[in-house]
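Take a look at the structure below.
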Amino acid sequence: MFSTRDTRAIEYFAVIKNLLQQLYTKPIPKKLERRARYIYIDDIFMTTNLSKEDILKELDETIKTDLNVKISTTISQSLEYLDVTIENNNGHLKISIYHKSALEPYILPNESDHPRHVHANIIYTALVQAARSCSNMEDFDMERLSTEMILLYS
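The working numbering runs 24 ahead of the 1-based position in the sequence shown.
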């Protein structure tokens, strides 16, 4: 067993909390359950072809079933979710890497004391993330060029 100060314990309990949360939360109404929905901790987003009024009506009914449920609703053509931007482009979902504007483009200085394999792993991980997340080659190429520029800058 882990102590409460152990970072592995924190990660372990976070995973258990997320699993229990998904297993024991109340089901989403029948009309919405046929749509794609994605859950991460307290954030949920979904894609649907329902009208805005129908979505708001269903969410209002869900809120009324339990007074402890607090839902803030945002309906738009694009969103930033975790580390990707998802955009509805004429009915096709376009996915690209999301960069927080508050963070400067900085990875790891060349004169750091980290072993050389750490630098190589950062580059590899950035390119793998771009390959997994970007929905088209143009976005992947832009992300690759952005990573190259960041590496030249640092």
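Note that beta-carbon positions come from the ideal geometry of N, C-alpha and C, so glycine has one too.
Opening and closing residue of the alpha helix (DSSP H) in which residue i lies
i: residue 143; result: 140-157
i: residue 137; result: Where residue 137 is concerned, there is no enclosing alpha helix (DSSP H), given that its DSSP letter is neither H nor E.
i: residue 83; result: 76-89
Cβ distance (whole Å) where residue i is taken to contact residue j below 8 Å
i: residue 154; j: residue 164; result: 5 Å
Close-in-space but distant-in-sequence residues of the same chain around residue i (CB under 8 Å, 5 per side omitted)
i: residue 95; result: 83, 86 and 87
i: residue 102; result: 109, 110, 111 and 112
i: residue 176; result: none
Rounded straight-line distance, which links the Cα of residue j to that of residue i
i: residue 123; j: residue 97; result: 23 Å
i: residue 117; j: residue 110; result: 7 Å
i: residue 147; j: residue 81; result: 46 Å
i: residue 78; j: residue 72; result: 11 Å
i: residue 137; j: residue 156; result: 30 Å
i: residue 169; j: residue 121; result: 13 Å
i: residue 152; j: residue 158; result: 10 Å
i: residue 114; j: residue 92; result: 37 Å
i: residue 140; j: residue 160; result: 31 Å
i: residue 125; j: residue 76; result: 30 Å
Own chain residues within Cβ distance below 7 Å of residue i, not counting five before or after
i: residue 166; result: none
i: residue 162; result: none
7 Å Cβ cutoff met for residue i and residue j
i: residue 99; j: residue 108; result: no
Residue span of the beta strand (DSSP E) that contains residue i, given as start and end
i: residue 165; result: Careful: residue 165 lies outside any beta strand (DSSP E), inside the alpha helix (DSSP H) at 161-177.
i: residue 109; result: 108-113
i: residue 103; result: 102-105
i: residue 119; result: 116-121
Same chain, Cβ closer than 6 Å to residue i, neighbours up to 5 away in sequence not counted
i: residue 171; result: 150
i: residue 67; result: none
Any chain C beta carbon closer than 7 Å to residue i
i: residue 101; result: Of the protein chains in this structure there is only one, and it is not chain C.
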